[in-house]
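Student:
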Amino acid sequence: MIDDDDNTPDSDDPEVKAALDKQETKDVAEGPAAALAHDADPAVVVVTAPGHHDDDGDDGDDEDDEVPGELYGVLAEFDSPGALVRAARKVKDAGYTEFDCYSPFPVHGIDEAMGIKRTILPLLVFGGGITGTVGGMFLQWWMNAYDWPWNVGGKPTWSIPANIPIAYETTILLSVLTTFFGMWILNKLPQVWHPFFKLDRFLRASDDGFLLGIEARDKRFDQARTTELLVKAGATGVDPCHLDSDPDRRKLPTFLYGVIVVTTILALIPLALIAKARATKSNKPHYHIFEDMDFQPKAKSDAPFDAFADGRANRGEIAGTVARGSRNDDTAFHYGLQNGQWLTGWPSVPTVQPTPELMKRGQARYDIYCAPCHGFDGQGHGTVPERVKESGGLYAPQNLVDPVKGVVEQPNGQLFNTISNGRNTMLGYAGQIPVADRWAIILYVRALQRSANPGGPR
Amino acid sequence: MSAAAKTLHPDEKYKAGSLGTKMATFGIGAGVLLLLASYVAGRLADDGLRRFQYGFLTAWMFVLTIAIGSLFFVLIHHLTRARWSTVLRRIAECVSLTFPALAIAGAIGIIMPMWLGNHELYFWDWFGAHKAELHLHNHHLEGKLSWLNPSFFTLRFFFYMAVYSGIAMTFARASRKQDESGDPAISERLRILAGPAMLIFSITTVFVGFDMMMSLAPNWYSTIYSVNMFGGCMIATYAFLSLLTRAIQKSGRLTHSVTVEHYHDMGKLLFGFVFFWAYTAFSQFMLIWYANIPEETVFFRYRWWTDWQTVALLLIICQWAVPYVALLSRWSKRVLPVFMGICVWLLLFHYVDMYWNVMPNMTWGPSHELAKAGGPLTGDLALHQWKFAISDVLSFVGMVALFLGAIGRQLRGNLVPVKDPMLGPSLAFENY
Chain A
1 MIDDDDNTPD
11 SDDPEVKAAL
21 DKQETKDVAE
31 GPAAALAHDA
41 DPAVVVVTAP
51 GHHDDDGDDG
61 DDEDDEVPGE
71 LYGVLAEFDS
81 PGALVRAARK
91 VKDAGYTEFD
101 CYSPFPVHGI
111 DEAMGIKRTI
121 LPLLVFGGGI
131 TGTVGGMFLQ
141 WWMNAYDWPW
151 NVGGKPTWSI
161 PANIPIAYET
171 TILLSVLTTF
181 FGMWILNKLP
191 QVWHPFFKLD
201 RFLRASDDGF
211 LLGIEARDKR
221 FDQARTTELL
231 VKAGATGVDP
241 CHLDSDPDRR
251 KLPTFLYGVI
261 VVTTILALIP
271 LALIAKARAT
281 KSNKPHYHIF
291 EDMDFQPKAK
301 SDAPFDAFAD
311 GRANRGEIAG
321 TVARGSRNDD
331 TAFHYGLQNG
341 QWLTGWPSVP
351 TVQPTPELMK
361 RGQARYDIYC
371 APCHGFDGQG
381 HGTVPERVKE
391 SGGLYAPQNL
401 VDPVKGVVEQ
411 PNGQLFNTIS
421 NGRNTMLGYA
431 GQIPVADRWA
441 IILYVRALQR
451 SANPGGPR
Chain B
1 MSAAAKTLHP
11 DEKYKAGSLG
21 TKMATFGIGA
31 GVLLLLASYV
41 AGRLADDGLR
51 RFQYGFLTAW
61 MFVLTIAIGS
71 LFFVLIHHLT
81 RARWSTVLRR
91 IAECVSLTFP
101 ALAIAGAIGI
111 IMPMWLGNHE
121 LYFWDWFGAH
131 KAELHLHNHH
141 LEGKLSWLNP
151 SFFTLRFFFY
161 MAVYSGIAMT
171 FARASRKQDE
181 SGDPAISERL
191 RILAGPAMLI
201 FSITTVFVGF
211 DMMMSLAPNW
221 YSTIYSVNMF
231 GGCMIATYAF
241 LSLLTRAIQK
251 SGRLTHSVTV
261 EHYHDMGKLL
271 FGFVFFWAYT
281 AFSQFMLIWY
291 ANIPEETVFF
301 RYRWWTDWQT
311 VALLLIICQW
321 AVPYVALLSR
331 WSKRVLPVFM
341 GICVWLLLFH
351 YVDMYWNVMP
361 NMTWGPSHEL
371 AKAGGPLTGD
381 LALHQWKFAI
391 SDVLSFVGMV
401 ALFLGAIGRQ
411 LRGNLVPVKD
421 PMLGPSLAFE
431 NY
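Chains as they are written, first to last, in our numbering: chain A, 1 to 458; chain B, 1 to 432.
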């Protein structure tokens, strides 16, 4: 409140005094009579004519010498929520419409007593909720099934069960937001200024005061009669409320318009930059905000590095050590190579000698790692190519059992190399499948080939 | 806040009078007769009484869930020191006192056949004497046999019933005592007791769901199963208590005490639990659907890709969508004929819910073959057909009659807690 700041220095004393007075009133007695006797001067049931306003010692908000403006209304205080409800009913029954009640907490029954119609908020919330459901569903359909189809866990691109939790959340979100903002809008909040705010009595509406204000624009309003009605209804005090006498000071200060315009423009700048970035193309590299994180000072292996005498970053193996997994002396077993040629026979390592157990192991590994593309029968009709075909693409993995060309005639060593390092579009599986298991798979593939070509090669 | 309070209307008839006696005589008589008729129909059906037993279990679960829900109603009333529900609490107490009667019915219809050598209902008890076969055919079940065996099952059954009956009697007796003394300390004591009682009640209810219904397919499991069952409990309970209260009002009693405001609140809770039930049902479904693990998906496979799909759809539409929309409005909860219609509707569909949970576990093969195959939830889809059986209808009607009779036995003396300190606020209760 701007007036407050202006007046604080010179009205300090009267304010303190008035506050003390009020405190005393509270302590000594309750009820209108006592309040009248003790607190008469500032507040209670005094219908003050505009000219006499300067007697009014308590009101720190008004400058003492100033003539008050036109009457805005009267504000009455009641000592309990029950009294407020009863008074509201009386005021309503007397035919008033332009009045409102102010209390520190929601008072049950006040709506009915004031004659307020049931709120339309539930309907708004229902609309918000429905919008949330439909919008949430549409969002997921658009993103996941239409604009950018994306396979998640093999489910259909638009699968309702997976969408329900999101739609449920958006339903709640929009319902809650509608409730929250609907409350504000329907209650005309936020209300940063109201003529009643000037009255000291009104401050207690957020503490322990139960207040009822009637506006002068009500067609039944008459300061004397209205005040009388409120006193009869049990008010412990009634204050008239005057507008500022200077009409200019009722308006928003001009510089605030400037502030609003400038902040609005400033707030649009980031949005404008984003819009510009989306609409234009650039060949320049992007900004490096954290230069030392984007380009960390480190030496990659086999890169030149001046700090060492040999000029290399790679320091080589430490003398007397062997890297884990690097003792691959048995080239037949580890690389499928014999004297630089593909191994045509079988490695002599005891763990991979052909046994029924190894065959079963090979089948299990094959079904896990190979079958998705090459198919369980090795003919190249796994689920992956089938799905690619369904979506209109073409992907034909090697037929492992074709008697005419390819894998049937390849030596074991070459097969091993393909599993380890990949071939064409197939990537290597050395990281996933241990060496012995690769040989087990080869054994199983050979069995597949033999069963597919009875009497044929191998 | 100033709490409005009223006193009982001078013309109010709050004594049960002859109402309970009439209900008890007629209900128990009709119930026993109808259940016997259901048994005879089951005998004639020539399937080793399997269908009769499944129908009996469904009906028994239907009334048991209402009793469980009523006990919850009483406990939550004390736990939250509720005011509005005080006028309805005595009726809920009377319903919760039916546990001993339900224990007898369950002991005769569910436990006794097990000990007489009938393995048609819970087929896992067949394995007790066939451990070698179990090891060979169904080793998943082997580890569960220390829990799922007739002796321990019987013990647990009576333990659950004793816990429920104990809690129900403690609260109901103290409440009756307060009718005479008017001692507010009784309310205070019950409120303190309600905390631990709620804890015991919850754990018991979880295991009742696991034992009585989920173990029908012992190879399948879902940890949220009983929570979903509890959701159904509360739907049935709020609907049933509203209907029972209205029926008592129609007999000329409690006409002033129970007002539309109380029904409105029952409606709000009903609305909430309709959604809660659907929420838990969907939670159970979605995790199973997403993970797509065969031993979990069987539950829905046999409840969706068969005749049961119709029932599943009915449940989604009629147990959730329709009542959810219907109860959304303030109007439908305050216009009593409409609200009572919704209650009847939901009560019927709670039976369908129980039916959908229990019945698909039944196929027409002999139990030991089911046991070997890993239970009814494996095997031929064509077996999972819905067939009408008169014994189901007779069991349902008979069990409800028996339940009403058992409630009638408890409906005596005051129908409201006349000296409860919270009675005044409850009588004056209003929705703003």
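Glycine included, every Cβ here is placed at the ideal spot set by N, Cα and C. Here the structure is a predicted model, which means the values were calculated and not measured.
1) Report yes if the CB atom of T171(A) is closer than 8 Å to the CB atom of G136(A), and no otherwise.
2) With burial defined as no fewer than 16 other Cβ atoms inside 10 Å of the residue's Cβ, what is the status of P81(A): buried or exposed?
3) Below 8 Å on C-beta distance, what does F157(B) contact in chain A?
4) I'd like to check one pair, W220(B) with E296(B): are the Cβ atoms closer than 8 Å?
5) Report the rounded CA-to-CA distance for I186(B) versus G424(B), giving the unit in angstroms.
6) For K226(A), collect the residues of the same chain with a Cβ closer than 7 Å to its Cβ; drop the 5 residues on either side in sequence, then sort them by chain order.
7) Classify G522(A) as helix, strand or coil using the three-state DSSP reduction.
8) Run the proximity test for M340(B): is its beta-carbon closer than 7 Å to any non-hydrogen atom belonging to the ligand GTP?
9) Okay, do the segment 399 to 408 of chain B and the segment 435 to 447 of chain A touch, 3+ Cβ pairs below 8 Å being the bar?
10) Under the DSSP definition of a beta bridge, which residues are partnered with I214(A)?
11) List the residues that DSSP assigns as beta-bridge partners of R312(A).
12) Buried or exposed for H135(B), please, with buried defined as at least 16 other CB atoms from any protein chain shown within 10 angstroms of its CB.
13) Going along the chain, which residues of its own chain have a beta-carbon closer than 7 Å to the beta-carbon of Y72(A), five neighbours each way excluded?
14) For R423(A), count the other beta carbons within 10 Å of its own beta carbon; 16 or more makes it buried, fewer makes it exposed. Which is it?
15) Counting contacts by CB-CB distance shorter than 8 Å, is P161(A) in contact with chain B?
16) Taking a Cβ distance cut-off of 8 Å, strictly less, list which residues of the segment 113 to 128 of chain A are near chain B, in chain order.
17) Look up L241(B) in the DSSP assignment and say whether it is helix, strand or coil.
18) Would the beta-carbon of L34(B) fall within 8 Å of that of L348(B)?
19) Just how far apart, CA to CA, sit P150(B) and R330(B)?
20) Between which two residues does the alpha helix (DSSP H) containing P337(B) stretch?
21) Any Cβ of chain B within less than 8 Å of the Cβ of I368(A)?
22) Is there a Cβ from chain A that is less than 8 Å from the Cβ of A271(B)?
23) Output the distance between the C-alpha atoms of A430(A) and G325(A), rounded to the nearest integer angstrom.
24) From M426(A), L427(A) and S420(A), pick the residue whose C-alpha is nearest to that of A436(A); which is it?
25) For P240(A), report the span of its beta strand (DSSP E) as first-last.
26) Does the distance from the C-beta atom of M61(B) to that of M213(B) stay below 8 Å?
27) So the alpha helix (DSSP H) D93(A) belongs to, where does it begin and stop?
28) Which stretch, first to last residue, makes up the alpha helix (DSSP H) that contains V349(A)?
29) State the DSSP-derived secondary structure class of R253(B), mapped to helix, strand or coil.
30) Indicate the three-state DSSP secondary structure (helix, strand or coil) for G405(B) in the structure shown.
31) For F282(B), which residues in chain A fall below 7 Å Cβ to Cβ?
32) Among R250(A), L124(A), T264(A) and G413(A), which one has its Cα closest to the Cα of M183(A)?
33) Buried or exposed for D11(B), please, with buried defined as at least 16 other CB atoms from any protein chain shown within 10 angstroms of its CB.
34) If you draw a straight line from the alpha carbon of I288(B) to that of P165(A), how long is it in whole angstroms?
35) Confirm, please, whether the CB-CB distance from P161(A) to F435(B) is below 8 Å.
36) Whose Cβ in chain A lies nearer than 9 Å to the Cβ of Y290(B)?
Tutor: Straight from the coordinates:
1) yes
2) buried
3) Those do not exist, as F157(B) stays about 36 Å from chain A at its closest Cβ, beyond 8 Å.
4) yes
5) 17 Å
6) Lys is not the amino acid found at residue 226(A); the sequence shown has Thr there. Cβ within range, chain order: V74 and I214.
7) Lying before the first or after the last residue shown, residue 522(A) is absent from chain A, which here runs from 1 to 458.
8) Looking for the ligand GTP in the displayed structure turns up nothing, as the structure carries no ligands at all.
9) no
10) V74(A) and F99(A)
11) P304(A)
12) exposed
13) P195, E215, A216, C241, H242 and L243
14) exposed
15) yes
16) P122 and F126
17) helix
18) no
19) 49 Å
20) L336 to V358
21) no
22) Inspection of the sequence shows that residue 271(B) is occupied by Phe rather than by Ala. No, no contact with chain A.
23) 12 Å
24) S420(A)
25) G237 to H242
26) yes
27) P81 to D93
28) From DSSP, V349(A) is part of no alpha helix (DSSP H); its letter is neither H nor E.
29) coil
30) helix
31) I164
32) L124(A)
33) exposed
34) 14 Å
35) What the structure shows of chain B is the stretch from 1 to 432, and residue 435(B) is not part of that stretch, so it cannot be assessed.
36) G153, K155, P161 and A162
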